[in-house]
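Positions 2 to 259 (the numbering used here) are the ones given, in order, by the sequence shown.
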Amino acid sequence: MSLLLSFHLDHAASLPYFLEKTTSKGPVFMTLATKAIYKLLLSNYVKVSKVSVEDMLYDEQDILRSTDKIEVIVGHVLGAAMFMADIAGVQVLYTRDYSGEEDCHLCAAEILQFSLYFNSEKMAKTIRRLAEKTPKVGETVSGFLVKKAFTYQIMALDDLHVFSQLSTENISQRITIAYSGAFGVLKHRLKQIFESVESLPDEESEGPTFRVHERLTVKYESEKHISLHWRSDPISDMLSDSVIISIFLILILITSYC
2 MSLLLSFHLD HAASLPYFLE KTTSKGPVFM TLATKAIYKL LLSNYVKVSK
52 VSVEDMLYDE QDILRSTDKI EVIVGHVLGA AMFMADIAGV QVLYTRDYSG
102 EEDCHLCAAE ILQFSLYFNS EKMAKTIRRL AEKTPKVGET VSGFLVKKAF
152 TYQIMALDDL HVFSQLSTEN ISQRITIAYS GAFGVLKHRL KQIFESVESL
202 PDEESEGPTF RVHERLTVKY ESEKHISLHW RSDPISDMLS DSVIISIFLI
252 LILITSYC
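Here it is in structure tokens:
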């Protein structure tokens with residue numbers, strides 16, 4: 002039995018291979034919205050993939066056949082779900098990502114509040130820039146708590162790489178989507194949905210480009226492809242999901258008019 006929590010590729014990308022290229026016969030459960038977007042997203046993935054046909058793990062026919070094997074049941078993104086399994090009286094809640102913020106198509110996840118009481122004391126040493134000023138008794142010190150051997154140190158984020166092998170990086174995301182419609186029509190449709198859609202000068206973007214809410218960039222790549230670019234954070238990731246779904250819906254509308 003397989004439980005699909007959302008349509009994201011890190012959840013769904015291997016499902017056609019699992020259902021069509023292995024001996025698996027167990028049922029697959031997901032919500033109706035996840036099933037619909039799963040088919041669109043993976044079909045697009047096959048179209049824009051740069052892997053040769055011989056090396057592809059599956060094709061569009063595998064995706065269509067796998068869709069017929071999915072059972073629909075009535076979060077984090079549209080169509081996401083949590084599963085409560087009851088096995089011999091033992092209940093297990095299976096989930097992953099969830100959002101605590103309202104948006105245009107989802108309610109915030111319900112968060113139960115409770116109190117835990119415990120008493121524990123540990124000694125930690127402030128170092129580098131946090132140690133430039135001696136904290137007063139009872140003053141709160143904010144930073145990263147790092148355990149080294151049997152000692153604890155509190156340091157600022159910018160000092161993390163100096164005293165440990167850890168570092169922080171901004172992750173840049175990019176996705177290519179098969180789109181053969183007019184780029185101006187796409188911008189017009191998205192502006193009706195998201196309002197804040199602004200074109201970028203050609204000298205800055207090397208071709209027709211616009212930004213959505215100053216967080217996500219949509220770029221014209223060729224007559225058959227567009228690409229989306231953004232810096233990963235919870236809000237930008239949620240916006241990218243909404244824009245990708247909107248583009249697929251616009252493609253469906255354009256195709257139905259043709």
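Just so you know, even glycine gets a beta-carbon here, dropped at the ideal spot from N, CA and C.
Nothing here was measured: the structure is a model prediction, and the numbers come from that model.
Looking at the unbroken beta strand (DSSP E) that takes in A125, where does it start and where does it end?
Taken as a continuous stretch (DSSP letters only), the beta strand (DSSP E) holding A125 covers 125 to 127.
Let me know the secondary structure DSSP gives L65 once reduced to three states.
Three-state result, L65: helix.
Pairing CB atoms from the region 153 to 162 with CB atoms from the region 219 to 229, are three or more of them under 8 Å?
As far as the Cβ criterion goes, the region 153 to 162 does not touch the region 219 to 229, which means the pair count is below three.
Let me know if H189 comes out buried or exposed under the rule of 16 or more other beta-carbons within 10 Å of its beta-carbon.
So H189 ends up on the exposed side.
Closest to R178 by CA distance: which of S237, L58, L250 is it?
The amino acid at residue 178 is misidentified as Arg; the sequence shows Ile. The candidate whose alpha carbon is nearest that of I178 is L250.
Which one or two residues does DSSP pair with F30 in a beta bridge?
Paired residues: L4, E72.
Assign Y153 to one of three DSSP states: helix, strand, or coil.
Three-state DSSP puts Y153 in a strand.
Of the choices K148, K36, E170, I248, whose alpha-carbon is the least far from that of Q193?
Answer by Cα proximity: I248.
State the start and end residues of the unbroken beta strand (DSSP E) segment that holds R212.
Taken as a continuous stretch (DSSP letters only), the beta strand (DSSP E) holding R212 covers 210 to 213.
The beta strand (DSSP E) that contains H226, what's its start and end?
It spans 226 to 232 - the beta strand (DSSP E) in which H226 sits, taken as one unbroken run.
Should L161 and F145 be called a contact, given that it needs their Cβ atoms to be closer than 8 Å?
Contact: yes.
Thinking C-beta only, is D60 closer than 8 Å to V49?
Against a cut-off of 8 Å, the Cβ pair of D60 and V49 comes out as no contact.
Short of 7 Å in beta carbon distance, which residues of its chain neighbour A125, apart from the five on each side in sequence? Order them along the chain.
Same-chain partners within the cutoff: L146, Y153, Q154, I155.
In this structure, how does DSSP classify F192 when only helix, strand and coil are distinguished?
It should be noted that the sequence gives Lys, not Phe, for residue 192. K192 falls in the helix class under three-state DSSP.
For the candidate residues S3, T141, G208, whose alpha-carbon lies nearest to that of A86?
Among S3, T141, G208, the Cα nearest to that of A86 belongs to S3.
Can you name the start and end residues of the beta strand (DSSP E) that A183 belongs to?
That residue, A183, is in no beta strand (DSSP E); it is neither H nor E in DSSP.
Quick one: give me the first and last residue of the beta strand (DSSP E) that Y221 is part of.
217 to 221 is the extent of the beta strand (DSSP E) around Y221.
How far does the beta strand (DSSP E) with E199 in it reach, from first residue to last?
Note, E199: beta strand (DSSP E), 198 to 200.
Would DSSP call V91 helix, strand or coil?
Residue state, collapsed to three classes: strand.
Suppose the cutoff is 8 Å on Cβ atoms and the five residues either side in sequence are ignored; what does the same chain contact list for S228 look like?
Answer for S228: R175, I176, T177, I178, V219, K220, E222, listed in chain order.
For D242 and P202, what's the separation of their Cα atoms in angstroms?
Cα to Cα, D242 sits roughly 25 Å from P202.
If I'm right that E199 touches R212 with Cβ under 8 Å, what's the distance once you round it to whole angstroms?
Going by Cβ atoms, the distance from E199 to R212 rounds to 5 Å, so yes, they are a contact pair.
Rounding to the nearest angstrom, what Cα-Cα distance links I71 and A157 in this structure?
Spanning the two alpha carbons is a distance of roughly 48 Å.
Output needed for L20: all residues of its chain with C-beta closer than 6 Å, excluding positions within five of it in sequence on either side, in chain order.
Within the same chain, L20 has close Cβ partners S67, K70.
For K137, which of helix, strand or coil comes out of DSSP?
The answer is coil: DSSP assigns K137 none of H, G, I, E or B.
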